[in-house]
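Undergrad:
In this note's numbering, the protein residues as written are 3 to 1120.
(1) Would you mind reading off the limits of the alpha helix (DSSP H) that contains residue 138?
(2) What number of angstroms, rounded off, separates the C-alpha of residue 357 from the C-alpha of residue 330?
(3) Quick check: what's the CA-CA separation for residue 82 versus residue 195?
(4) Applying the criterion that 16 or more other CB atoms from any shown protein chain within 10 Å of the CB defines a buried residue, is residue 385 buried or exposed?
(5) Jot down the residue ranges of each uninterrupted beta strand (DSSP E) in the region 232 to 287, minimum 3 residues, whole runs only, in chain order.
(6) Which residues in the same chain as residue 1058 place their Cβ atom closer than 6 Å to its Cβ, once the five residues preceding and following it in sequence are excluded?
(7) Are there 16 or more other CB atoms within 10 angstroms of the CB of residue 488, so buried, or fewer, so exposed?
(8) Which same chain residues, not among the five before or five after residue 627, have their C-beta less than 6 Å away from its C-beta?
(9) Write down every uninterrupted run of the alpha helix (DSSP H) in the region 478 to 525 whose length is 4 residues or greater and which is fully enclosed by it, in chain order.
(10) Whole alpha helix (DSSP H) runs in the region 610 to 671 with 4 or more residues, listed along the chain?
(11) Taking the alpha carbon of residue 314 as the reference point, which residue from 583, 727, 347, 554 has its own alpha carbon closest?
(12) Mind listing, in chain order, the continuous alpha helix (DSSP H) runs of no fewer than 4 residues lying wholly within the region 282 to 333?
(13) Would you call the CB atoms of residue 218 and residue 237 closer than 7 Å?
(14) Rounded to whole angstroms, how far is the Cβ of residue 225 from the Cβ of residue 192, which I believe are closer than 8 Å?
(15) Taking residue 946 as part of the beta strand (DSSP E), name the residues at either end of that continuous run.
(16) Return yes when the Cβ of residue 140 is within less than 7 Å of the Cβ of residue 109, no when it is not.
(17) Where does residue 693 fall in DSSP's three states?
(18) Counting only the same chain and skipping the five closest in sequence on each side, list residues whose C-beta sits under 7 Å from that of residue 971.
(19) For residue 235, does the count of other Cβ atoms within 10 angstroms reach 16, so buried, or fall short, so exposed?
(20) Leaving out the 5 sequence neighbours to the left and right, which residues in its chain are closer than 6 Å to residue 1006 when beta-carbon positions are compared?
(21) What separation, rounded to the nearest whole angstrom, lies between the Cα atoms of residue 305 and residue 246?
(22) Which same chain residues, not among the five before or five after residue 395, have their C-beta less than 7 Å away from its C-beta?
(23) Taking the straight line between their C-alpha atoms, what separation do you get for residue 944 and residue 913?
(24) Note down, in chain order, each residue of its chain lying with its Cβ closer than 7 Å to the Cβ of residue 587, except the 5 sequence neighbours on either side.
(25) Rounded to whole angstroms, what's the CA-CA distance from residue 1038 to residue 960? Just pull it up for me.
(26) Does the distance from the CB of residue 949 to the CB of residue 917 come in under 7 Å?
(27) Starting from the Cα of residue 419, find the closest Cα among 472, 379, 446 and give me that residue.
(28) Do you know whose CA, among 352, 400, 408, lies nearest residue 365's CA?
(29) Does DSSP put residue 897 in a helix, in a strand, or in coil?
(30) Residues in its own chain within less than 6 Å of residue 797 by CB, not counting five upstream and five downstream?
(31) Going by Cα to Cα distance, which pick from 544, 589, 597, 614 is closest to residue 578?
(32) For residue 208, tell me which candidate among 240, 181, 310 has the shortest Cα-Cα distance.
(33) Are any of the Cβ atoms in chain B nearer than 7 Å to that of residue 212?
(34) Give every residue of the same chain whose Cβ lies closer than 8 Å to the Cβ of residue 726, excluding the five residues on either side of it in the sequence, and list them in chain order.
(35) Report the option in 233, 275, 273, 307 whose CA atom is closest to the CA atom of residue 289.
(36) Quick check: the Cα distance between residue 768 and residue 343, rounded to an integer number of angstroms?
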């Protein structure tokens, strides 16, 4: 049965091939037409007609075969996508369409052979190469091209066992054409086509050379087959051929000149992990045997091919170590391949690294022109090779390091110019390559490489490379283009740098890290976060963007946990969730922490200790964090890290002797209560810690205090100590700043005299710094303003000087009081009678506070005055002398000013006469008569007067009956509903009583004052004559317009609400009624008035004075 099924399947395949290949299944006319086209256009005429002779590829058919109208339509259709994308079609799009149409016409109809289809693909690829990428879719974006791919798929074997008429050379040709046409972007059947092309390779594998088979497979891999082509069986066959070749030969029979390039090609990214035979024992036996006879080119290829096989890398480097002179002829790619293998080797590779550094120096032309590096790719190769060599070098200075530094210097000058942009060199050389032409990764790598030669913290560093500032300026705006791994390496190099660069580079690194936090691995994030924290610029935004809580919840490696914990401590993070997850990691990953590096354990120890001090309470007694801080092994790890991060100062003994000379008691090199950090000098009497710092206290790039310094200072501050940090560089600078010794010192001995003067200068400097620190602490505690603190800088503070009580009292006053008090104090505190500076300051503050209040009151009165003081003053130069003013004399004049009921009158004297009357009775500019002089004070230059019942405006008649008429009118005026009223007999009785009694008989005041318009009575007696009694809720109108919103000069109106003698009150819509005086007014309660101008506003007494309404305006009855 199986045999029968196989015969039936073979018959079906044969009949299918007959149907596809024989034209007899078509009508006779179509057969004849196909034969004629085949004779004219076919690339293989021997298969079609014996009458033609093959003379190379046929010429393209005349363009007249395709109608102009059809071609124009197809060209417009093909170019439509380009137009939609905003691209302008090239001038030869129509030609591309016409030529491709001619190719499609040759294989149209389904009768083309596989060879013809491959030829058509090659011709289309040639057209596409000439057209360029913009017009590629005029070829591949059309339906005939998809039909061509479909027909070619049908011509190929469906599996490796199906035999078709296919030549092995066609596979490589088809793959090359498909790659040129980028067919995978145009036809969805390209993956299936590539799989079937792989089947043809399997069938032709026995007859093909291994190199040709491998090239064909790599050609298929270069086409985007979406992971399907070639299939695993094809690659297995390829690997089997390699093993057969190696098994058929004995070691030494295969020349490495052939085997090395072959194995290098097997390391293609698409075949490296899918062809396991390339690392089989049979193949590696030949590689190991042939390595000693390999040149540097073959060794470089084998190192790249077997970078994942440690044995081959070690053997290859051993070959180079035995003959390092081979590297003197290596090219840049070969050097990059060799240097990439250095980092994973544990043995001694110094011979190889020395040869590599020498070759890099020669290629860069450190002593020549540097013409070997002239492209961006070469710069990238050199930077990568130099970084690998530097990583393989041991720490410390060496001839190899010096030679490599010179090579890096030349490389940087090729990119950034000699000295970089803005160099002060006499003749700075222009860069050979523009930084804009280099990838951002290469620029970042070059910058990090240059900073690696500046030494770490506390190390003696050579002179910085001159082009580093220019390199940082070029990288800063492009950090968003730098890869995550390179960004982490750049951040680490910046943190360890001792070169002063622009702080914008660190800001750019942090901004890029925040923007791409989701792309960072935990290891990359820890490198960036700890680097920024060490530079003192780490912000909480980066921790939030990366979501450290989520990372810690996934139980990362101990190094990641330690880095995150230290970053949390450096940024003062208050995330209790994150710290809780850190402690949980200690409990759940005990085995991993025991195997962790000592530096990682020391970093976590410091973070936990800093957190304990920051939160003001210890960790839970039986918790994992408390156990870590109490563990001796963890503490030793921290002590090792502390010795690395904070090396000892070289000036400890000198500072100790200076403190002894100053008579200051101290404790040296003691650990605080936290048992974490070592205090260089503790001054118990002052509560001060002197921290001697071996390196600069501020990071040279960020210009901020280093993160390690801020951590320990934060712990000491929590303990109530003040810190004076003194870098070693500061002490070294004091030697140069010290004044020269005197002539007498030089006579006794110049060296000793100079040393004594220098020592005295340092001692005085240290004393001033300690006093200044105490001054700053007291100023900070008293919360004084910066200007006030600067003014008190020369004043002794503390127990023997100005105490904290006086400073706090000073800080509570206004800025003006502080200024005046400080000035007064500085003028008087050194007087011999001043014994208590604190009490003296408090007394001055009280005096100045009262003086400021008086001046404020006077200035407020001046602002409240109705008229401003003239520039020439209030005196009248042409006026009569004050001696002519006599008491009792009746005068007249013009009102010049008014303030709270006091009026000033220009009566012709050298100075104005002043008198008091009811507010608003007279206005500025009124001409008054009937004013009587009551007092003349020549010493003060003051004339006082009074207003009588005869005092009036000029031109007004003398009033008759005083205020009786007004009172009677007020009594007869209609009252609003609910107002308290009096009977007529009560009103008349009071009126007659006032008329009979002599004015001022009982009050003791002058009669004219008691009876005039300005007469005074008791408030209770006076308000009885008012038209309306005061309501129980008061005169205030709730919800009305505030008085502060009114403006002097504003025109208002309203209804009369009350009246008392000649004074009327009007509801103008404000919270309080306004009032005006009108001795001839006949307004009644309820009358509506308008057109009144606001004359003055007193917000303290809630008084608003209006201008009296015109007599021509008649009140409107309500």
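Glycine included, C-beta positions come from ideal geometry on N, C-alpha and C.
Every value quoted in this text rests on a predicted model; they were computed, and no experiment measured them.
TA: Once the coordinates are examined:
(1) Indexing the chain shown from 1 puts residue 138 at position 136. First-last for residue 138: undefined, no H or E at that position.
(2) One-based indexing of the chain shown puts residue 357 at position 355. One-based indexing of the chain shown puts residue 330 at position 328. Cα to Cα, the separation comes out at about 7 Å.
(3) Position 80 of the chain shown, counted from the first residue, corresponds to residue 82. Position 193 of the chain shown, counted from the first residue, corresponds to residue 195. The predicted model places residue 82 with a pLDDT of 42, which falls under 50 and marks its position as unreliable; any figure quoted below should be read in that light. Those two C-alpha atoms are separated by around 28 Å.
(4) Start at 1 with the first residue of the chain shown, and residue 385 comes out as number 383. Classification for residue 385: buried.
(5) Complete beta strand (DSSP E) runs here, min 3: none at all.
(6) Within the chain shown, the letter at position 1056 stands for residue 1058. Same-chain partners within the cutoff: 1066, 1068, 1085, 1087, 1089.
(7) Sequence index remark: in the chain shown, residue 488 carries index 486 (1-based). Under this definition residue 488 is a buried residue.
(8) Along the chain shown, one-based indexing puts residue 627 at 625. Hits under 6 Å: 585, 610, 621.
(9) 486 to 498, 506 to 517
(10) 626 to 632, 634 to 647, 654 to 664
(11) If you number the chain shown from 1, residue 314 lands on position 312. Among 583, 727, 347, 554, the Cα nearest to that of residue 314 belongs to 347.
(12) 283 to 292, 298 to 307, 312 to 324
(13) For the purposes of this step, residue 218 is taken as the residue at position 216 of the chain shown. For the purposes of this step, residue 237 is taken as the residue at position 235 of the chain shown. Against a cut-off of 7 Å, the Cβ pair of residue 237 and residue 218 comes out as no contact.
(14) Start at 1 with the first residue of the chain shown, and residue 225 comes out as number 223. Start at 1 with the first residue of the chain shown, and residue 192 comes out as number 190. With a Cβ gap of about 7 Å, residue 225 and residue 192 count as contacting.
(15) Counted from its first residue, the chain shown places residue 946 at position 944. If you look at residue 946, you'll find it in the beta strand (DSSP E) that goes 944 to 955.
(16) The count along the chain shown starts at 1 and reaches residue 109 at position 107. The count along the chain shown starts at 1 and reaches residue 140 at position 138. Their beta carbons are not under 7 Å apart, which means residue 109 does not touch residue 140 by this criterion.
(17) Taking the chain shown and counting its residues from 1, the one referred to as residue 693 is at position 691. In the structure shown, residue 693 sits in a strand (DSSP, three-state: E or B).
(18) Reading the chain shown from its first residue, position 969 is the one you call residue 971. Bear in mind that a pLDDT of 37 at residue 971, under 50, signals an unreliable position, so the model cannot answer this.
(19) For the purposes of this step, residue 235 is identified with residue 233 of the chain shown, where counting begins at 1. So residue 235 counts as exposed.
(20) For the purposes of this step, residue 1006 is identified with residue 1004 of the chain shown, where counting begins at 1. The predicted position of residue 1006 is uncertain, since its pLDDT is 39 and thus under 50; no value can be drawn from it.
(21) As a first step, residue 305 must be located in the chain shown, where it is residue number 303. As a first step, residue 246 must be located in the chain shown, where it is residue number 244. Roughly 23 Å between the two C-alpha positions.
(22) One-based indexing of the chain shown puts residue 395 at position 393. Excluding sequence neighbours, residue 395 sits near 355, 402, 403.
(23) Numbered from its first residue, the chain shown carries residue 944 at position 942. Numbered from its first residue, the chain shown carries residue 913 at position 911. Cα-Cα distance, rounded: 7 Å.
(24) One-based indexing of the chain shown puts residue 587 at position 585. These residues qualify, in order along the chain: 554, 557, 563.
(25) Against the chain shown, residue 1038 aligns to sequence position 1036. Against the chain shown, residue 960 aligns to sequence position 958. Their Cα atoms are separated by approximately 37 Å.
(26) Mapped onto the chain shown, residue 949 falls at position 947. Mapped onto the chain shown, residue 917 falls at position 915. Closer than 7 Å, so yes.
(27) Residue 419 sits at position 417 when you count from the first residue of the chain shown. Answer by Cα proximity: 472.
(28) Counting from one through the chain shown, the residue named residue 365 turns up at place 363. Closest by alpha carbon: 408.
(29) On the chain shown, position 895 is the one that residue 897 refers to. The answer is strand: DSSP assigns residue 897 an E or B state.
(30) Residue numbering aside, residue 797 sits at position 795 when the chain shown is read from its first letter. Here the set comprises 804.
(31) Residue numbering aside, residue 578 sits at position 576 when the chain shown is read from its first letter. The shortest Cα separation from residue 578 among 544, 589, 597, 614 belongs to 614.
(32) Here residue 208 is taken as the residue at index 206 of the chain shown, counted from 1. Of the residues 240, 181, 310, the one whose Cα lies closest to the Cα of residue 208 is 240.
(33) Going by chain labels, chain B is absent from the structure shown, which holds only one protein chain.
(34) Looking up residue 726 in the chain shown gives position 724. Answer for residue 726: 690, 691, 692, 693, 771, 772, 775, listed in chain order.
(35) Here residue 289 corresponds to residue number 287 of the chain shown, with the count starting at 1. Comparing Cα positions, the closest option is 307.
(36) As a working note, residue 768 is residue 766 in the chain shown. As a working note, residue 343 is residue 341 in the chain shown. Going by C-alpha positions, residue 768 is about 54 Å away from residue 343.
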